[in-house]
Each structure stands twice: as C-alpha cells, then as structure tokens.
Ligand SMILES: [Zn+2]
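Protein chains in written order, with my numbering: chain A, 1 to 424; chain B, 1001 to 1137.
So, in structure tokens, the structure goes:
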C-alpha cells in the first residue's frame, strides 16, 4: 500500500462551542429522538454566550442501526424535524461503533470547507428494546457477515481473541483486564450521566443488601477482585472477557455545536479548537498483520498528531474506545502513550487511573458510562469539553489540561476515528 | 463487461465440496484467503484460483458463552460453550473459524500456535443445510 504522508490541514479552523448529552442507560419508553432532544437541549444550554438554534445550517447524525434496533430507518431528518430544524439538511453517518466520531469528522469537514459556518453533530442509539441475543446479532453485523460471523464469533469474542493473542505475546495476566473495568467504574461513579455510576464496591454492597432482603445467603467477597473473579457475580461472556470486561447495552444521545473558528468568540471565550483529525479503515480481524494492535487506530492517530503538530506526551485528557477492557489497553499503545506490550503494565500499576500519570477515560469510559454505539464517539467529546474547560466536577483532572484526544473504534478496527482538541 | 467469479458464493460452494479455495495474484504472487477479485497488495485484478492444503496454526481464540442465535440453534450457549478462533494457514493467509477438538472448558490449556487441520461441519436440515469451515486439533 502506498499512501502519501502529506500532512493534511482543514481549509479553515473549526471550534466546538457547545456540547451536551442525555444520560446513558436503559430507558424504556424513550426512543432515540426523545434522547436526542435531551442532548440537544443540554448542548444549547452549554453555549456560554447564548445561541439562536435557527443559526444551525446542517445536521450530521452518527447512528449505527436504528433500523435493526428500533425498526426505524432514515433517522437524521427525524432528528432535524423533532428539534424544529427542518428544512436544514440532515444526514446519517454509519461506521458501526465509530458512527459518532465519523459524524463529527463529516461535520468538521463541512465547516472547514466553507460550505457552512454552524453545524450540529449528533450521535444516537436506542439498543435496549431488543433481547440480548438480538442485540448480539445486530452488533455482529458490524463484522464481516460472509467471512467472520459464520465462525461463530461475537463482538466480545473478537476482542477476547485479541486478548488471547496479547496475553500470549506479552505475558499479560487476565486479572489486568478486570483492573481496567474496576478503574473505569471508579471514575464513572463520579459521572452523573453514567449508566453504571457505581464503584465495584458499591455494586457489591447493593448485592449483599439485596441478598439479605430476599433471605438468600449473603455473598462473602473479601474485596473487589474476589467479586470480579466470582463466576456468578461476573460470568464469562467470551473467555477471557467476563461481564465486567464488556461495555453495556445502552440507550443515549450526544450533541456538539461546531462553528468556524473566526466566529467562535461570538459564542464562548473557552472554545475547543479541533486541531487534529484522522480516520482510517481496515479489513477483517483475521486479515491483519497483527492481532495485538489496531492498525487503523495507529494510522488515524498518526494523521491526527501530524495535523495537530503535537506528540502523545502533550495530550492531557484522553477518552478511548473501551468497548472491552482489552481494547483500552491496546488503545493506550496504539495512541503512542505506551510502547507495544507496556500498556497492560501501566494499567496494572495505576498509571491510567484518574490519579495516575496518564489518566484514561475519566468519564468512566464506555464500560461504566455506557455504550449507545452511535452516540459514543460524540459522547467522548463531552468529557473532553468538560475537562478542558474545568467543568468536570469531582472527576476534574489537575493541572489545567489544554489538549484532549478522542479515539473511537468501529467494529474490531475496520474503522477508527481520532480527534485532537485544544482549549483556547 | 466484468463477471466477477471470485465471490463468497463460490467460496462456500467449494467449502460445500470440502475444499478451501482462495486466489493467487498473477502480478505479484500474493495469496489470498478468502478469494479476492482485486489483490490488496498490488491492486492487480489478474488473479486465479488456488486450493489451500488446510494445515495451519491457532493465532487467537476465545470460548464463547453468550452465543449468537445461529450458534444457539446449533446447540451452543452458556452450558455448552464453543471455541472460535483465527487460524493462519501454512500458505500464509489467516481465516476465522470454529475450532474443534480442544477443550472449551479449559481455555488456559489451549496454546496459541497449536497445529490445526481444516474440517467441514454440516448444519441445518434440507434446504437450509449449509457447510461451515472449521478447524480440528
Ligand atoms: Zn498482487
């Protein structure tokens, strides 16, 4: 493959001046448009100097599969109409779990091209109406239905297979995966938008209380790791990935407002400028030269860093696509924060915890915050928005970070989208 | 008029005859499995069928407890987990396949690098009967 390594730049600068999200979780009786309205209204309220929504010129909506999840196709114009923005153009962008990141990229390019000055980027997914098996089947369609799925693979299964390759190559123990899940629950407990806003210790306490109330034997876990090793509390999904290694089935929506850089201060004095963007694609997992890294993530990151003119060490806030715990470890290497094979040690040593030297997923990540797949890539931007503006509350990072990065993966890495943001 | 014969339908027709067929690029010699009409290495469209020997080694695997509906219909699930894996063939390319003949209840005992041989599994009845590619220890 020859690909020119010309450093690409946007035609003009683009800034994020508003960001909002619905709570992520399971919401019977609310469909994706209802959740989109919640994200949209929070986004409007987040614009520091106020904003007339009639100034929005176009909508870019990330969504994986409203068709299969809620029997509704053609969702983008519905979102536009439901917030009163028809007849503005609205387009749905689908790249599996990277749909949100891909929608952001399309919105960025639309403003950078000069076609529009103000656009809305949304991400939506409503997953919990279907039974688990049908959710599993729907997610499986993000893989190759002709050559991968007939093998019996599921999405937890693909990432579990990456985990076995990683363990064999680098000697990582299965416990380190549980530690990543533990860490993300610690942060998610500080996020009021998180689906599982509970520490593992809180979940254990609740289970004990519930058992006592029902007159059942009270579990005797001595600590969190004992709970996470318990096959009943934390059943195997696809060895070595257990339930608490997997992001949940979620409903949710997120929305951000993008404007051309020249007019950003009309809306806020603390906007996030998108200084780096990269997206890459790939084939089936089995066709890759490596199973212990995601090549599309490395390529997307390389392009984003080059455009931004920054190095991994410069980044202060990082949201990575931890659809499974192994994915967070691999991402921490693909993004250049750790050398290949060193990511698991950093996770084990607490380097990636909120108080560590390289905090990852302060929002709780997809594991704890939830993973409404088409919304996740946009939801990541909300954490960067809050952290870089000093609005992350109890989970706010020290040191007044000014650079943030989002890493959004589709499938097993058939797509990866990376963005780098700078607060100015 | 291009009539692409290097299709998934052709691949699975060969699997139905218990043959593992891919392509070889006549321009650069790259071998592909499954078959590809365009060589991803040199972009040539000049490819020919090649049959694989069926010997390979395990490069990654998992034991699946929460199965998709197709595998549940085949009798798998929480109480009867199965192994899915990636197998690198001796000729170079890798494929995804169910792995048979290894103990799914003892994943710690399964070695990356284990030698495997292609085998073919029939599932379904009558019209719905299909042959799937698997590998056996
Ligand atoms: Zn070739």
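Idealized CB from N, CA, C, for every residue including glycine.
Just so you know, these numbers come straight off a predicted model, no measurement behind them.
Listed by chain order, chain B residues near residue i by CB distance under 7 Å
| i | result |
| --- | --- |
| residue 150 (chain A) | 1132 |
| residue 286 (chain A) | 1086, 1094, 1095, 1096 |
| residue 146 (chain A) | 1008 |
| residue 168 (chain A) | 1112 |
Closest Cα partner of residue i within the set the options
| i | options | result |
| --- | --- | --- |
| residue 116 (chain A) | A:385, A:257, A:308, A:388 | A:257 |
| residue 89 (chain A) | A:416, A:119, A:180 | A:119 |
| residue 170 (chain A) | A:401, A:381, A:329, A:336 | A:329 |
| residue 282 (chain A) | A:81, A:127, A:415 | A:415 |
| residue 1052 (chain B) | B:1033, B:1102, B:1062, B:1074 | B:1033 |
| residue 1023 (chain B) | B:1071, B:1105, B:1116, B:1038 | B:1038 |
| residue 217 (chain A) | A:209, A:301, A:224 | A:209 |
| residue 156 (chain A) | A:322, A:75, A:33, A:74 | A:322 |
| residue 1025 (chain B) | B:1036, B:1018, B:1016, B:1017 | B:1036 |
| residue 427 (chain A) | A:220, A:246, A:161 | The structure shown has nothing for residue 427 (chain A), since chain A only spans 1 to 424. |
| residue 351 (chain A) | A:180, A:417, A:263, A:185 | A:180 |
| residue 1092 (chain B) | B:1015, B:1058, B:1081 | B:1058 |
| residue 64 (chain A) | A:399, A:211, A:387, A:143 | A:143 |
| residue 15 (chain A) | A:407, A:384, A:394 | A:384 |
| residue 314 (chain A) | A:99, A:303, A:421 | A:421 |
| residue 1113 (chain B) | B:1085, B:1127, B:1104, B:1124 | B:1085 |
| residue 386 (chain A) | A:316, A:408, A:153 | A:316 |
| residue 1014 (chain B) | B:1031, B:1043, B:1050, B:1137 | B:1050 |
Cβ-heavy atom distance, residue i to ligand 1, below 6 Å
| i | result |
| --- | --- |
| residue 1030 (chain B) | yes |
| residue 1027 (chain B) | yes |
| residue 296 (chain A) | no |
| residue 386 (chain A) | no |
| residue 97 (chain A) | no |
| residue 1019 (chain B) | no |
| residue 30 (chain A) | no |
| residue 416 (chain A) | no |
| residue 1013 (chain B) | no |
| residue 1096 (chain B) | no |
| residue 1106 (chain B) | no |
| residue 311 (chain A) | no |
| residue 246 (chain A) | no |
| residue 367 (chain A) | no |
| residue 1044 (chain B) | yes |
| residue 299 (chain A) | no |
| residue 963 (chain B) | Here chain B comprises residues numbered 1001 to 1137, so residue 963 (chain B) is not present and cannot be evaluated. |
Proximity of residue i and residue j at Cβ, strictly below 7 Å
| i | j | result |
| --- | --- | --- |
| residue 158 (chain A) | residue 106 (chain A) | no |
| residue 289 (chain A) | residue 389 (chain A) | no |
| residue 377 (chain A) | residue 187 (chain A) | no |
| residue 122 (chain A) | residue 255 (chain A) | yes |
| residue 405 (chain A) | residue 318 (chain A) | yes |
| residue 1012 (chain B) | residue 236 (chain A) | no |
| residue 1048 (chain B) | residue 1097 (chain B) | no |
| residue 285 (chain A) | residue 412 (chain A) | yes |
| residue 326 (chain A) | residue 96 (chain A) | no |
| residue 1159 (chain B) | residue 1130 (chain B) | Residue coverage of chain B in this structure runs from 1001 to 1137, which leaves residue 1159 (chain B) outside it and unanswerable. |
| residue 1100 (chain B) | residue 1110 (chain B) | no |
| residue 402 (chain A) | residue 253 (chain A) | no |
| residue 239 (chain A) | residue 1107 (chain B) | yes |
| residue 334 (chain A) | residue 294 (chain A) | yes |
| residue 1003 (chain B) | residue 1027 (chain B) | no |
| residue 43 (chain A) | residue 20 (chain A) | yes |
| residue 367 (chain A) | residue 184 (chain A) | yes |
| residue 251 (chain A) | residue 369 (chain A) | no |
| residue 1060 (chain B) | residue 161 (chain A) | yes |
| residue 80 (chain A) | residue 410 (chain A) | no |
| residue 74 (chain A) | residue 277 (chain A) | no |
Chain B contact residues for residue i, given Cβ-Cβ distances below 9 Å
| i | result |
| --- | --- |
| residue 328 (chain A) | Those within 9 Å of residue 328 (chain A) in chain B number zero; the least Cβ separation is about 18 Å. |
Interface residues of chain B facing residue i [CB-CB closer than 8 Å]
| i | result |
| --- | --- |
| residue 307 (chain A) | Correct list: empty, because the minimum Cβ distance to chain B is about 26 Å. |
| residue 394 (chain A) | By Cβ distance, chain B contributes nothing, its closest Cβ being about 34 Å from residue 394 (chain A), past 8 Å. |
| residue 140 (chain A) | 1068 |
Residues that residue i contacts on chain A, provided the C-beta gap is smaller than 9 Å
| i | result |
| --- | --- |
| residue 1063 (chain B) | 157, 160, 236, 238, 239, 240 |
Under 7 Å from the C-beta of residue i: neighbouring residues of chain A
| i | result |
| --- | --- |
| residue 1071 (chain B) | 152 |
| residue 1060 (chain B) | 161, 162, 164, 165, 291 |
Below-7 Å beta-carbon distance, residue i vs any chain E residue
| i | result |
| --- | --- |
| residue 1068 (chain B) | The displayed structure is made up of protein chains A and B, and chain E is not among them. |
Using a Cβ-Cβ cut-off of less than 8 Å, list which residues of the segment 338-353 of chain A approach chain B; keep chain order.
-> none
Please name the residues in the segment 123-138 of chain A whose beta-carbon is closer than 8 Å to at least one beta-carbon of chain B, in chain order.
-> 132, 133, 134, 136, 137
Scan the segment 274-298 of chain A for residues whose Cβ lies nearer than 8 Å to a Cβ of chain B and list them as they occur along the chain.
-> 283, 284, 285, 286, 287, 291
Check each residue of the segment 1026-1050 of chain B: if its Cβ is closer than 7 Å to any Cβ of chain A, include it; give the result in chain order.
-> 1034
Give, in chain order, every residue of the segment 1102-1114 of chain B whose Cβ lies closer than 7 Å to some Cβ of chain A.
-> 1107, 1112
Members of the segment 100-123 of chain A that neighbour chain B once the beta carbon cut-off is set at 7 Å = none
Of the residues that make up the segment 1004-1016 of chain B, which ones have a beta carbon closer than 7 Å to any beta carbon in chain A?
-> 1008
Near-chain B residues of the segment 248-266 of chain A (beta-carbon distance less than 9 Å), N- to C-terminal order | none
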